[in-house]
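**Q** Please read through the structure below; I'll follow up with questions.
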Amino acid sequence: MKKEFRAHPLMMFRLMRPFLIFLIYPVVQGAIQYFVTGTFKGAIKLELIALLVISIIVGLRCAAFKLILGSKTVTIKTGVWLKKKAVIPISKLSSVRTEQNPVDAIFNAVTYRINTEAGSKRKSDFEFKLSKSDSREASKLLYGEKEHTAVKFSAFKVAVMAVTTSSAVTGIFVAVPIISNIGRLIGVGIEKMLLDEINNISQLVDTHMPPIVSRVSLILALFYLVSAIYLLFKYINFKLYLDDDKLEVRTGFFVRRRTAFKKKAVNDVKIEQSPLMRLFKRYSLKVSVGGYGDTGNETAVIVPSGRLWDIKKHFIKYFSFLEPDGDITHSKRDVITQSRFLFFPGVYLLLLIAVSITASLLFVDFTRLILFLTLIIGVIIVYYAGLSIYEYKFGKMRLGSNIFAHSVKGFNTREMYAPKENIGQIKIVRYLPDLIQGTCQVVISVHSESADSIKVRMLDYTTTKEKIFKTFDINE
Amino acid sequence: MKVYSLSRKTTILWQVRVAVIAAAIGIFVRLFLWGYMEFQASLWLYSLILTIVEIYYIPMYFKSYKISFPDGAILIERGILIRTTYVMPFSRLVYAQSYASPIAKLLKLSGLSFKAARSKIFIPEIAEDDVKYIIQSLAVEAENEKGI
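Chains as they are written, first to last, in this note's numbering: chain A, 3 to 478; chain B, 1308 to 1455.
Shown next, in the form of structure tokens:
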């Protein structure tokens, strides 16, 4: 039996988003100016005609959209001039995601996203708007109505995750477009006003650091705060729903998100710890799903933050099919291996001291700035050295029907679990010291769009190669 | 194993499309760029290339298309000067999508695209019934693969 769904009228506004900056904003600005001054300025009449034509086209596109759910396939029909029809087996769906922002909530609409592994990175395969009731019915038809267990995570755990995974860069990506668009809409230079305020505040704080350092630190701190607040509201109300073969993650306060995927669609599971999480001895459990769609990567958060034993408990509960088997392979635990792990941090530290001294002698007027930068970089190198020690103590691999690797990735620690058949590539690398010592580095990559990978260093070459060949049935 | 090839109607459809686009370019040049001597001088070259494309290249290109479904894969061969063969195993295929412009629909033709993770293959318009049959078969193959 097939069920047909039509798009919610609000989809028209989503389709008009590309015309926001050069058509809709000027029309809205023109309307505001008309109410203030009583006259139309510029090419407002032409813009109104263009807006009308585009609205008609968008309306026709909205009316042409159809979602047809059968017992085994999903059919999506789109297009007015060029009619397209996609037929997707339900077994090939990676995830289905629904999102409801405050405007959607007023009009009883939901943004529905269907993802497969064929989609582009950072873009859902299919994105449209349905009414709330249609969305519920569609999800029931796709994933069934089995009894599921709900797991709720406290606001504190979500806050810990938000604070420990925030970054000024995320804050910049979130805040800058909003500030810029608001400024453009009301015709006021908000960016300049904010920078002037930051300058004033930084001048009030008297430090031994150069003024530019105070300003940059304040800007970075503000963007970090924006990022933390954004992530907090993104993940608040975090709930996990699970049944035998499906997982559903529900999050959000202003914008409510639901993401559902089958356990079979999971590429790999990661237990990660960011630098700040290490301070609070917390970890997070994340899952990589093939073709997750429009988020920055394919990762879904399953447990936002928790102690290691708590995270492992959740891992065994939801992903027992990924429990590793096979012998453990790790680097030798001796002084030579430890010193090899600390080689690059040592080199960087010496380099930093040399550059710092040289720069201080050459640019005497900038001694304070050089000292500040040296301290910052020095702290980063010391943290890197700490990570290298962690890698020496805990780095390991297990190869069997499931693959497990524990190491570091960037500035985070990572444990990765994946079924053997999901491994896309294993790279065995030997540099000159490895050739002398008879060791190697192994890089394991999962075959996903963003290709999660992990590197385990200083393993015994002969034994590791033998185990890899045996696990993947390779005859040399 | 059935081998699909493109019909005469597909060739005519694309000849019409290319002719329309060429005419549009020609009108644009005549209206806005005719004052420039280079465009007047290159008119004969443009006409020659267009004639070769319309009369020789398009018919030969679409004649070279061969689409088949050997065990467990999709096989597409095409090309005149450079012969290309695409092989897409069913296991890597995610879904198929058909597309049709109004004129193609009038001629009962439909194009097809096969989408896999990080790759896709396009097939120009073939008979609508063949497209429906191919999409149906691929959906069944996908179910059998996943043991549903």
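Don't be surprised by glycine CBs; every beta carbon is placed ideally from N, CA and C.
If you measure between the beta carbons of A:Pro-347 and A:Ala-407, is that distance less than 8 Å?
**A** In this structure, A:Ala-407 does not lie closer than 8 Å to A:Pro-347 by Cβ.
**Q** So, do the region 45-64 of chain A and the region 18-35 of chain A have three or more beta carbon pairs nearer to each other than 8 Å?
**A** Output reads yes: the region 18-35 of chain A touches the region 45-64 of chain A.
**Q** In chain A, which residues lie less than 9 Å from B:Ser-1297 when you measure between Cβ atoms?
**A** What is shown of chain B runs 1308 to 1455, which leaves residue 1297 of chain B out entirely.
**Q** Between which two residues does the alpha helix (DSSP H) carrying B:Leu-1419 extend?
**A** That residue, B:Leu-1419, is in no alpha helix (DSSP H); its beta strand (DSSP E) goes 1416-1423.
**Q** If you draw a straight line from the C-alpha of B:Ile-1389 to the C-alpha of B:Ser-1371, how long is it?
**A** So the two alpha carbons sit approximately 11 Å from each other.
**Q** Mark A:Gly-298 as exposed unless 16 or more other C-beta atoms lie within 10 angstroms of its C-beta, in which case mark it buried.
**A** Unreliable positioning characterises A:Gly-298 in this predicted model, as indicated by a pLDDT of 45, which lies under 50. A coordinate reading is not provided.
**Q** Smallest Cα separation from A:Gln-102: which of A:Val-215, A:Met-13 and A:Met-399?
**A** Out of A:Val-215, A:Met-13 and A:Met-399, A:Met-13 has the C-alpha closest to the C-alpha of A:Gln-102.
**Q** Suppose you measure from the CA of A:Glu-250 to the CA of B:Ala-1330; what does that come to, to the nearest Å?
**A** Those two C-alpha atoms are separated by around 54 Å.
**Q** When you compare the CB positions of A:Lys-74 and A:Lys-87, do they come within less than 8 Å of one another, or not?
**A** In this structure, A:Lys-87 does not lie closer than 8 Å to A:Lys-74 by Cβ.
**Q** According to DSSP, is A:Lys-134 part of a helix, a strand, or is it coil?
**A** In this structure, A:Lys-134 counts as helix in the three-state DSSP scheme.
**Q** Using a C-beta cutoff of 8 Å, does B:Val-1401 count as contacting chain A?
**A** Interface residue, yes.
**Q** So with CB distances below 7 Å, who are the chain A contacts of B:Lys-1422?
**A** Per Cβ cutoff of 7 Å: Ala-120.
**Q** I'd like to know if B:Ile-1455 contacts chain A, where contact means its C-beta is closer than 8 Å to some C-beta of that chain.
**A** Reliability of the predicted coordinates at B:Ile-1455 is poor, the pLDDT of 32 falling under 50, and no value is obtained from them.
**Q** Can you tell me whether A:Phe-263 is helix, strand or coil according to DSSP?
**A** Strand.
**Q** So is A:Asp-127 buried or exposed if we call it buried at 16+ other beta carbons inside 10 Å?
**A** It is buried - the Cβ of A:Asp-127 has at least 16 other Cβ atoms within 10 Å.
**Q** Any beta carbon of chain A sitting closer than 8 Å to that of B:Ile-1441?
**A** Judged by the 8 Å Cβ criterion, B:Ile-1441 is not in contact with chain A.
**Q** Counting pairs of Cβ atoms below 8 Å between the region 218-225 of chain A and the region 163-181 of chain A, do you hit three or more?
**A** Verdict: yes, contact present.
**Q** Using only CA atoms, which one of A:Val-366, A:Glu-393, A:Gln-439 and A:Ile-428 lies nearest to A:Ile-476?
**A** Out of A:Val-366, A:Glu-393, A:Gln-439 and A:Ile-428, A:Ile-428 has the C-alpha closest to the C-alpha of A:Ile-476.
**Q** Just mark A:Met-195 as buried or exposed, buried being the case when its beta carbon has 16 or more other beta carbons within 10 Å.
**A** Flag for A:Met-195 reads exposed.
**Q** Give me the residue from A:Ile-58, A:Asp-336, A:Ser-455 and A:Ala-177 with the minimum Cα distance to A:Ile-221.
**A** Of the candidates A:Ile-58, A:Asp-336, A:Ser-455 and A:Ala-177, the one whose C-alpha sits nearest the C-alpha of A:Ile-221 is A:Ala-177.
**Q** What is the DSSP secondary structure of A:Arg-400, reduced to helix, strand or coil?
**A** Strand at A:Arg-400.
**Q** Could you give the DSSP three-state label for A:Ala-120: helix, strand or coil?
**A** It is coil, neither helix nor strand.
**Q** Going by CA-CA distance only, name the one from B:Gly-1342, B:Tyr-1368, B:Ile-1332 and B:Val-1360 that's closest to B:Arg-1315.
**A** With distances taken between Cα atoms, B:Arg-1315 lies closest to B:Tyr-1368.
**Q** Mind checking who B:Ile-1275 pairs with in its DSSP beta bridge?
**A** With chain B covering only 1308 through 1455, there is no way to say anything about residue 1275 of chain B.
**Q** Is A:Asp-270 helix, strand or coil by DSSP?
**A** It is a strand residue.
**Q** So the beta strand (DSSP E) B:Thr-1358 belongs to, where does it begin and stop?
**A** Unbroken run through B:Thr-1358 is the alpha helix (DSSP H), 1350-1359; no beta strand (DSSP E).
**Q** Under a three-way DSSP split, which group does A:His-316 fall into?
**A** Helix at A:His-316.
**Q** What are the boundary residues of the beta strand (DSSP E) that A:Asp-462 is part of?
**A** Unbroken beta strand (DSSP E) run through A:Asp-462: 455-462.
**Q** Quick test of your reading: A:Val-291 and A:Phe-323, contact by CB under 8 Å. State the CB separation rounded to the nearest angstrom.
**A** 15 Å between Cβ atoms; not a contact.
**Q** Tell me the DSSP bridge mates of A:Ser-442?
**A** A quick correction: the sequence has Cys, not Ser, at residue 442 of chain A. Paired residue(s): A:Leu-461.
**Q** In chain order, what residues of the region 85-99 of chain A put their CB closer than 7 Å to some CB of chain B?
**A** From the region 85-99 of chain A, only Lys-85, Lys-86, Lys-87, Ala-88, Val-89, Ile-90, Pro-91, Ser-93 and Lys-94 have a Cβ closer than 7 Å to chain B.
**Q** Quick one: Cα of B:Ile-1383 to Cα of B:Phe-1429, how far?
**A** Going by the C-alpha atoms only, they are around 10 Å apart.
**Q** Who are A:His-408's beta bridge partners in DSSP?
**A** Bridge partners of A:His-408: A:Lys-398 and A:Glu-417.
**Q** Does the beta carbon of A:Gly-298 sit closer than 8 Å to a beta carbon anywhere in chain B?
**A** Caution applies to A:Gly-298, whose pLDDT of 45 falls short of 50 and renders its modelled position unreliable; the value that the coordinates give is listed next. Output row for A:Gly-298: interface = no.
**Q** My guess is that B:Ile-1433 and B:Tyr-1343 are in contact by the Cβ rule of under 8 Å, so how many angstroms apart are they, rounded?
**A** B:Ile-1433 to B:Tyr-1343, Cβ: 42 Å. No contact.
**Q** Distance, Cα to Cα, A:Lys-422 vs A:Val-337?
**A** Cα to Cα, the separation comes out at about 33 Å.
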